Structures are given as structure tokens and as C-alpha cells.
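Going down the list, the protein sequences come from chains A and B.
Just so you know, we're using our numbering here: the first sequence kicks off at 1 and counts up by one.
Just so you know, we're using our numbering here: the second sequence kicks off at 567 and counts up by one.
Every residue, glycine too, gets a C-beta built ideally from N, C-alpha and C.
Please read these numbers as outputs of a predicted model, since none were measured by experiment.
Have a look at the structure below, then the notes.
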Amino acid sequence: MGNENFYEILGLNSSGAATQDEIKRAYVKKRKEYQGNEEKTSLLNEAYSVLADEEKRRNYDYDIEKSIVMEELDNVKNFEERKEALCKLKKVCEKHLGHDDERDLSEYQTLIEIERSIGNDDVVPYLDKMWQILDGKMEVPEHYEWYEYVGNNYYLYDDVDGAIKAYFQIYKVAVPKYEITEKLISLLCNEKKKPKTAIKILKDCIDRSDIQNHKCFYLCKAYEVVVNLQDKTFDKVKQVLKSKISVVVSADQPDELTLRALCDLFIWMAYALENKSIAAYHDLEQIYLSKGTDNPDLKNLYSMIKQFEVVIANNKRHECIELMQEDSLTDKMRQKIEDYLINDADSVMDSLNYIKENAPLLVEQEKEAYDFIDSVVTQQYKALKEYSQFIKDSHFGGAIKTILRRYLFKDVIRYATIEDDFNKAINQFYDDNNLNQTREEIRMLDRLYPNCYKLLAEYLFDGQSVVELLGDDELGQTDSSRSVANNKAIVDYPHARKGYENRPFYSGFLEMIIILVATVIFPPTLPIVLVIKTFNRYTKIIIKVAIGIIVAVALLLIISSISSLF
Amino acid sequence: MGRIVGIDLGTTTSEIAYINNGEPEVIKNGYSSITPSVVGLDKNYNVIVGEKAKDQILNASDRTVVEVKRKMGTNDLVILGGKKFTPTQISSEILKELKRVGEQYLQEEITEAVITVPANFNDAQRQATKEAGEKAGLIVNQIINEPTAAALAFGINNLGTEGNVLVYDIGGGTFDVTVLEMIEGSLDVRASRGINRLGGKDFDEKIVEEIISALKSNYSFDLYNDVQGNEKLNILGRIKAEAEKTKIALSSIQVVDIQLPFLAQKDGEIINFEMEISRSRFDELISDYVSQTMDTVNEALQAAKLTAADIDIVLPIGGSSRVPAIYENLKNIFGNKIRGKVNPDEAVALGAAVQAGINKNEIVGNNSIAIFDVCNHSLGTEVVRDTANGYKDGFYDRLILRDTHLPFSRTNRYNTTSDYQESVIVGIYQGEDNLVENNIKLGELEVNGIPANKAGEECVDVTFKYNINGILEVSVIVVSTGKEASTTINMFNYDAPKTKSEEKIDDFMSGAWTQASEIQTTVMLYKSRRSNLPEEAQKQADALIKKLKEAVINNDYDKMDYYDDNLTALLFEY
Chain A
1 MGNENFYEIL
11 GLNSSGAATQ
21 DEIKRAYVKK
31 RKEYQGNEEK
41 TSLLNEAYSV
51 LADEEKRRNY
61 DYDIEKSIVM
71 EELDNVKNFE
81 ERKEALCKLK
91 KVCEKHLGHD
101 DERDLSEYQT
111 LIEIERSIGN
121 DDVVPYLDKM
131 WQILDGKMEV
141 PEHYEWYEYV
151 GNNYYLYDDV
161 DGAIKAYFQI
171 YKVAVPKYEI
181 TEKLISLLCN
191 EKKKPKTAIK
201 ILKDCIDRSD
211 IQNHKCFYLC
221 KAYEVVVNLQ
231 DKTFDKVKQV
241 LKSKISVVVS
251 ADQPDELTLR
261 ALCDLFIWMA
271 YALENKSIAA
281 YHDLEQIYLS
291 KGTDNPDLKN
301 LYSMIKQFEV
311 VIANNKRHEC
321 IELMQEDSLT
331 DKMRQKIEDY
341 LINDADSVMD
351 SLNYIKENAP
361 LLVEQEKEAY
371 DFIDSVVTQQ
381 YKALKEYSQF
391 IKDSHFGGAI
401 KTILRRYLFK
411 DVIRYATIED
421 DFNKAINQFY
431 DDNNLNQTRE
441 EIRMLDRLYP
451 NCYKLLAEYL
461 FDGQSVVELL
471 GDDELGQTDS
481 SRSVANNKAI
491 VDYPHARKGY
501 ENRPFYSGFL
511 EMIIILVATV
521 IFPPTLPIVL
531 VIKTFNRYTK
541 IIIKVAIGII
551 VAVALLLIIS
561 SISSLF
Chain B
567 MGRIVGIDLG
577 TTTSEIAYIN
587 NGEPEVIKNG
597 YSSITPSVVG
607 LDKNYNVIVG
617 EKAKDQILNA
627 SDRTVVEVKR
637 KMGTNDLVIL
647 GGKKFTPTQI
657 SSEILKELKR
667 VGEQYLQEEI
677 TEAVITVPAN
687 FNDAQRQATK
697 EAGEKAGLIV
707 NQIINEPTAA
717 ALAFGINNLG
727 TEGNVLVYDI
737 GGGTFDVTVL
747 EMIEGSLDVR
757 ASRGINRLGG
767 KDFDEKIVEE
777 IISALKSNYS
787 FDLYNDVQGN
797 EKLNILGRIK
807 AEAEKTKIAL
817 SSIQVVDIQL
827 PFLAQKDGEI
837 INFEMEISRS
847 RFDELISDYV
857 SQTMDTVNEA
867 LQAAKLTAAD
877 IDIVLPIGGS
887 SRVPAIYENL
897 KNIFGNKIRG
907 KVNPDEAVAL
917 GAAVQAGINK
927 NEIVGNNSIA
937 IFDVCNHSLG
947 TEVVRDTANG
957 YKDGFYDRLI
967 LRDTHLPFSR
977 TNRYNTTSDY
987 QESVIVGIYQ
997 GEDNLVENNI
1007 KLGELEVNGI
1017 PANKAGEECV
1027 DVTFKYNING
1037 ILEVSVIVVS
1047 TGKEASTTIN
1057 MFNYDAPKTK
1067 SEEKIDDFMS
1077 GAWTQASEIQ
1087 TTVMLYKSRR
1097 SNLPEEAQKQ
1107 ADALIKKLKE
1117 AVINNDYDKM
1127 DYYDDNLTAL
1137 LFEY
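Structural data, given as C-alpha cells:
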């Protein structure tokens, strides 16, 4: 798209009100005028190719409308304005729906991201609409990304049927990526209780995949499902699968593919462990042991698996691991992390240390990955995103992924220390009224822990926005709005809890004034309040109770002193 | 500087026209305005073109070439008198002859020409035509589309008219439909569709087949087996010539009596072939072709976002538009909007002359007419997409859509797809399929020296520039360094379009998930895997499926489950 408005290129009013006939005549006129000027004619033709086509013209008009809102969004000063702009964007998107399937899909995606960033998790209706567009009508290979997007989001929002139908479409057309097959199979087995269908799908995958290690992957999964089935009819199948797996992982001259197949065997051993399919785990282990190999890397992997087995054997740890198995780091995940952090941070830490102690080799083996994760996670939310990409890209098995996830958790725990820093800054603000210095410190914190201020604001101020508090628009605005501007990017913005905006801005001051007044009337108030302050989370309630008591005592004193006058 | 002319280089006939005092006029070659597009070598191996060459087809088919236009732009070679020639060389001989005829008539040197091509000619075919013109010693001022030319010839005489025009152009070997709008003294092309190999020659072929089968049934003479070599070719040549005459005659009379005395000998007896063919039989023979052209008409209307009712004028041009069946069909669709005044043989050449006149300012001011043509095939490049099986190449990304007005230029930005990618190869394709393998590859362009970076962090700008002659320039710029590469496409380095038969996706587990019952999936699995089983297991599986069917019919759920499980297990064992 050029910089000039297409209407202006044709010499028309840019309001977009011209009729088709006017556009045609304007084109002919200009075309004659530009005779011989190839460059200008090219530009004219570009404008005409869009405006002469009702559909393209509608899209073009819409793009202009959208870009205006996007610009607005880029220049918002605070959360209120941002929300307003997002709502406007939502209206623009909605207005445009229903003309063109391809476009509708990306509009629905934008709508979903908007809903998320204004704190609304009710996006399944949008997914349903996307599915209506996709289902059968759009070919999977060409619109694969959309199928995957819809499937993953259904999965994320616990819509089992939705996720299955989307993954199933993908599966039907091609052998899908590991993760998708894995999700489809686990949904069928665990949620739908249809392990037999899962087996058939796996059988098909095995036959369809012609690469050794892919085959191994599907064979192992099938084996796990069959073992868990505990059905006599399938006893023979079990044997067949077992022998097939051992054929796949063995070769006289182990080539790269065989090694990779063995690695996949390990990955499945790890998965089996995590899924508590201990019987399947042991059988798979038998296969490995019967093969025996001199490859040092594989030996290492094996000892890691054994370590992992020890870790898994501890049931309490296992629960913790399961919790961390949540995939896709999105708002929902973040919510879970937050909740978990608030409720049971200690036991997470405990588990981490336990695993670190019991499985040092795992940590050692993947040191590079650990270092990478470590350097990345210090940047909190940004890290979450990169990390999720890392998980997607890497070929790590369940065990390694789990450890990596755990590392992420460890880092989230650092919020606790941020809270202390933040408290200090806030106290300074109240005590010295030195606004500039405080701003400086908060800004520094913001740089250190991008986006964390929003969470902290919510946590510390009961939803009051730091930006509002400081009357400052520098903090954290640009990041999130930019990602909305990019149509396809996921809005990287933790959603606020409901009622977030309604808290009065002056509550902090009011408290201070009340405390000061109370201290004058009743000197012991100050030490009491200071003690209370340390119980940060409950300050509000306690203060309110305390104030009640103080006021009552003060009134009693006044009344008694007045009455004593008589 | 000599004169400029307009040339219609047709499959079977060619014409030449010029501007005489602001009016286009066809130059006559003797008595006729038509020069057959036939090139031959005479007994002394001198090149002969036109009527003379056509006359010797029957006697010296090995020294005569017809329909060379159908081979333009391909790597096929033409054998003439034992020597090999490119189609371009042969075409240039026809152009030389036309140039000679024109110069003789005008008594002036001809140096430049506007040459017409079918609208659905691709770039390679256009380029080949241009080269033929240059070989014939002409500066090719412009290559224009035949239907456009015909519309120009019509438009120049009807300057005040406004409305939608449909040009139905069926020549000897090609068929085009173009929809355009006459507006403010201009011709605005809206859409153009065509069939590359359909024309009068195909109609002749149908009559030839009819004659051959009549020979077999009525005279017990099998042309394909009873005679060989030159004798066979000569008989076929006579039949072909007769077929063409018959076709033409059938345009004016209802029944034609085909007579071919002394056609062949069988068991010492001379065959004097004789048969009657009626117009209705002819219509029947060509009805498939005619309905194909009507489908194309509808396609073009759809592309122009118009209906038959929106069309104000229909111009049938090209020699074969005289076939009554075609006229009837057009009348059924468009009623009485067909203009009969246009001479179907001359309109294209006249239009080419008009374009030449405009380009050379021989037609000026209010008498002039502007034409805005479109590109007839989408142009694009090969891209990599994220698919179900990871990143896959071979997808087609259109930069210039068909029916876009020319000149047109467009730039798209593409990211690198692998880490530390150093070079990008931009494949240049023409066609409408979403996979490049089903489109025509016009060439490719490589740009090196991309800075080492992660996938997606480096990008290139690819620009397609399509000029007014329908010729394409492609350039690639590495955005971060500004390094540039551009190309003139090697037009002859392409193969004729290959359309791979689409592999039908296995209908395994078709239907929505909700309907995919256990049994359905088992049956599908059985169907797709049965052939992989050893014979013994096949028998077992067949038996099980039979029992499973019985269970389904009897609504016996326990048995259904039982046989379903057993069959699944069996299938799994192999």
C-alpha cells in the first residue's frame, strides 16, 4: 500500500463516498492525463484495482478506519484511554465481519486478543465462529495456522470437543506435529474416554509416517494407550507393538535416525512416567535394556530418566509437576502461576530444590539450556513469551521440559522480593512526599521487571494503577499497544481483575490522614499501625477495625470529658 | 523512418493493415486481404509463404509448415525439408511476407509494426512473437491482444458509444473472450479469458474423423492400418483440405456433399469417396467445443463482475465465428446484441493499425481512442508456508493478479525462513494454481550476501513490474544491505504447462468428528489398510467385517463392540 490515499490518487474526495461510476470516470480521466508516464500509471492502476472492486474497496476503507484507531491506541495516556481505544477497535472489527472468510478469521483473532487484554476470558463463542468458517470449507494444508490456532485456543479454554474437532481436521489431512497428536490422543483418552479411537488414529499415524523416529514416537504412544486399556483383546497388539518398537530402535549400524528413535523412546518413557503409566514405562525400559548401546549420549539420557523416575516416585512432588504441566503460556497460565504463587509458593520452592538435589545430572546435562532460561526468565513476562517459543522449538522430552518449567516458576517467586522493593518506594512516597525520587525508583523497578508493575499495582494497591498514581504515561504503555497494532501478535498484557478500575485513587492518603489524626488524639495508634503495616496483605481490614476502635475510644474520651465538665 | 503497420499474425491466416488518412485500412495481397499462415520450401528449397505454400501442402507436406502459432513460445522445433527451425523463425518468415506485401502496396518501406497475440498468450509466447517480428526486420512497437484490437477497430468507429462490450474471438487455433467497457472515448478492459488450443482447426479435425470413420465403415478402408508413410500423409492431407472446405460451406448451406475421387486404393480397387454431411451433424460434432467456449464466456463475465444482461454489444470475430452453431449459442445468451457489421477476418488487423496510428500520432485528438488493457495471467513467486507437516515450500504467492490493469508494479516483503540464510532464490511463476508446481515457471532470480542472522530477521523486497507490452521485470532487494538483483526472464527456459492430477485425499474418517463413530473409523482403517495385509489376514479381516456389518444391521451393540475390537486388533498386528 502506498502512502497516498487511493481516492486522492484518482482525484476523488478522500471521504470514500464516490460511486463506482464516478470512480471509473475519474480513472479514465487520469489515465489519459498520465499517458506515457509509466510510474504514475502504475500507481493509478494500483488505486483503481482496489477501488473498482467493491470487496477490495470495502477492505481498504476498513483498513483506513482501523489504522486511525491503531494510531489512537499508540498514543494512549493511561489504562482508561487504552481500554476505550481497544473497545473502539473492537467495534471496528465487528463492523467488518461477514464479508470475507479469510479476513473474518484475522478479525476474530484480533477480537480474541482484545477480549483477553481487557480481562475477558469469554472467547469460546469467537472460536466457534472461527470454526464455522474453517470447518471443512477451508483446506487444512493452506489454512493450517488457523486450524492450529483454533485448536490450541479451544484446548486452552478447556473446550474439549472444540479442540478435538480442530486437531482431528489437521490429523485427517496430514500427520500432524508431535504436540498436536499428543494433545489429540490425550484428550481422547483422558477427557473423552475413547482410547480405542485414539489407538486407531495412532495406527494410522504409524502407517503414514515414513521416518523412523516419528514411527517410534507413535508406536510408543500407542503402546502406552494399549497398556492402560487393560483389555485382553489387545494383548497380542501389545506384543506386536513391543516387537515393532524394538525393530525401530535397533539397527546393525546405528545411524542418526535410529539414535533419534531411541531418544524418542526416552521421551516417551518420560511422558509415561509423568502420566503415571508406570507399567508402560517399565516395558519401554525393557526394550531399551534389551537393545543395549554403547552410545555415551544415550547412556547419559538413560541415567537421567532413572533419576527422573526417583523424582516421580515421590508423590507430593508429582502433584506439583502435574500442575506445571499446563501448556501454552497465556493469560490463563499466568493466572494460575499467580494463584499458585500466592497460595503455595513454598512447596514449589521445596519441590524445585528436591529435584535439583535428586537429579543433578539432568541439570548438568542441559546446562546450556538452563543458562539460557536463566538469562531469559529474569525478564519476567517477556521471558514467558520467549520461553514458550523455546519449548515449542526444542526437542526436549517431558522430563526436561518439566525442569525448565520449574525454573520459570522459581523466577516468578521473585515477585515476593520485588514486593519488598516496591513497598520501600511507596513508603518513601508517603513519608517524604518526594514524588520525583519515587517516580525514579518505580521506573527503575519497571525497567528491571517489565510489566510487573501492573501485577504489583493490583497486588499492592488493590487495583490502583501505578500510572495513574504517578500521573505519568511513560510506563509500560508502548509495549502492549504495539503488539495489538501488529495484527497477528498476541497481546502481551496481563489481564486485570474485575473491578480493577473502580478503587478510589485517594484511599492511601485517606489512610495516612486518618492515622495521623488518630495518633494526635490517641498516641499509641502509631506503633499499632506500624505493626499492622507489616502484615501487609491484611492492612486494610485491620486498619478499618483499628480506626473503628480508635474513633470509638476517642468519642468515649470526648463524651466522658464533656460529661465530667458538668 | 518508414511506415508503421498493424499485423494480425493468426494461426491459419494473417492480415496487415495501415492508417490511411486517419482511417484504418486492410492491405490486400492480390485480390484477398488474407495471407495464409503457411510457410514452405519449394522444389529448389526457396522459402515460400502464403497461398503458394498452402497450395503445395498436398503434394509436399514434408516441405510445408502450418499452424506454427500453436508452437510459439515452446521448445518444440519445426522440421521443414529435413532441417530444424524454431517456431519463431517460421513466424518471422510469415511476417517478412506480410512486410513485403505491404511495402509493395504502399510503395514505401515498413519499419515498425504493432503485432497482435491471443489474450491468453503467456509471457513466453509474447516474447517469441516479439522476436519473430524483430527477425523479420521490424521494430515491434507494441504487442496487443487480439480481442482488444478488435474492440479498438469497433470503438474507433463508435466513439460516442458507452457500454459493456464482449469480444468473442475464435480463430484458427485459439479462442479468447474479453469483456471491456467503452467509457468516455476509452476502452477499459475488465476481464479476459481464453482457451489456448481451441479453434477452427479443431472443428476441421472433427470432420476429418467423421470422414475416416466413414471410409472404414462404408469402404472397408482403414486409413491408419491399410496405408503407410507418404501415401497415408497425402490421403490425410486431401481429407483435411476437404474438411476445411466442408466446414466453410456448412456456414451457408445445410448439407454438403463431400466428394473425394481416387482417394485411395484397396485390394486393387479405387475408392471414390462420397458422403453427405449436414449442418446439424456438424453442430453435433463440435458441440463439446462450442459449450466449452460458452463456459469461458460465463467465466469472463463472472471475472468482470457482470451478467449477460449487462452486456450491450457482442463482437464475434475470427474466421470460425462464422460457424452457425456459435452464432446461435451467442444469440441464446445475448439476444440481439450481436454486431454483424464487423468483418471477423479483418477486425484484428484493423485494430492493430489503429493502435499503431495512436502510438505514432497518426490518429489524434477527438478521433483518438485510449485502451486500458489488463494482464491475463496472475504472476507471483514461490513461498514457504507453515503447514501441518512443518515448513513446506512450493506455495504460490501472487504479486500481480490476473485482470489487473497494466502497467502495474508491486512489491512484497518476504522473510528468511532458516537461520543464517545467505541467499534467496525467487522463483517467477505464471498461473492460477495455489501450488507453483501446477503453474508455469518463467524463471528465477538469486540474491546472495544476506547478512548471517536468525530466521525471519532478514527480509527481501521482491518487485514485479509488468509493463504495457505485457512483459515482466523482476527485482529483489535485500532490505538491510540494499543489495539488489534483477532479471530479464529467460523466456524459453520453460516447459509447457503440466497440470498434475490432484491427488484425492484419502477419505479416511471423513465427516465431522461428531459422526465419527468407533465403527466408522474401523471400517475406514480396514479399507485403507486391507491391501497391506497378508492373504491369510485379509481373509480374516473380510470375515470380521462381514460379521461387523451383520451386527450393525441387527443393532447388536455387544457384538458390534466385539468385532470392532477384534478387527482393530487384527489390523494392528500387521
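Residue j beta carbon less than 7 Å from that of residue i
i	j	result
leucine 624 of chain B	glycine 834 of chain B	no
alanine 1117 of chain B	lysine 1125 of chain B	yes
aspartate 574 of chain B	threonine 682 of chain B	yes
isoleucine 722 of chain B	valine 920 of chain B	yes
phenylalanine 6 of chain A	valine 69 of chain A	no
Residue i, buried or exposed, once every other Cβ within 10 Å from all chains shown has been counted against 16
i	result
leucine 565 of chain A	exposed
glutamine 708 of chain B	buried
threonine 1088 of chain B	buried
glutamate 1068 of chain B	Because glutamate 1068 of chain B carries a pLDDT of 23, less than 50, the predicted location of this residue cannot be relied on, and no value is offered for it.
glutamate 776 of chain B	buried
threonine 578 of chain B	buried
proline 827 of chain B	exposed
glutamine 825 of chain B	exposed
lysine 299 of chain A	exposed
proline 125 of chain A	exposed
C-alpha gap between residue i and residue j, whole angstroms
i	j	result
alanine 47 of chain A	valine 733 of chain B	26 Å
histidine 214 of chain A	proline 713 of chain B	56 Å
isoleucine 287 of chain A	serine 1052 of chain B	58 Å
isoleucine 852 of chain B	leucine 764 of chain B	11 Å
glycine 1022 of chain B	serine 984 of chain B	7 Å
aspartate 999 of chain B	aspartate 100 of chain A	20 Å
glutamate 842 of chain B	isoleucine 819 of chain B	12 Å
proline 1100 of chain B	alanine 222 of chain A	22 Å
glycine 729 of chain B	isoleucine 937 of chain B	14 Å
asparagine 688 of chain B	leucine 1038 of chain B	11 Å
valine 545 of chain A	leucine 557 of chain A	18 Å
glutamate 750 of chain B	glycine 576 of chain B	31 Å
serine 817 of chain B	serine 887 of chain B	10 Å
threonine 862 of chain B	arginine 964 of chain B	22 Å
glutamate 771 of chain B	alanine 809 of chain B	8 Å
glycine 151 of chain A	phenylalanine 217 of chain A	21 Å
threonine 744 of chain B	alanine 866 of chain B	7 Å
tyrosine 611 of chain B	glutamate 797 of chain B	22 Å
tryptophan 131 of chain A	glycine 760 of chain B	37 Å
Residues that residue i bridges to, as DSSP identifies them
i	result
glutamate 700 of chain B	In DSSP, glutamate 700 of chain B forms no bridge with anything.
asparagine 978 of chain B	B:Val1028
proline 590 of chain B	B:Ile585
phenylalanine 741 of chain B	B:Ile736 and B:Ile761
serine 598 of chain B	B:Asn595
arginine 569 of chain B	B:Ile676
phenylalanine 6 of chain A	Partner(s): none; phenylalanine 6 of chain A has no beta bridge.
At a Cβ cut of 7 Å, what residues of the segment 723 to 756 of chain B count as close to chain A, listed as they run along the chain? Ile749, Glu750, Ser752 and Asp754
Which residues, in chain order, does the segment 815 to 843 of chain B contribute to contact with chain A at a C-beta distance below 8 Å? none
What residues from the segment 22 to 43 of chain A come within 9 Å of chain B, judged by C-beta to C-beta, listed N to C? Lys24, Arg25, Tyr27, Val28, Lys29, Arg31, Lys32, Gln35, Glu38, Glu39, Thr41, Ser42 and Leu43
Contact list for the segment 223 to 247 of chain A against chain B, Cβ threshold 8 Å: Asp231, Thr233, Phe234, Lys236, Val237, Val240 and Leu241
In the segment 601 to 628 of chain B, which residues sit with their C-beta less than 8 Å from some C-beta in chain A, listed in chain order? none
Would you list, in chain order, the members of the segment 957 to 990 of chain B that have their beta-carbon closer than 9 Å to a beta-carbon of chain A? Lys958, Phe961, Leu967, Asp969, Thr970, His971, Leu972, Pro973, Phe974, Ser975 and Arg976
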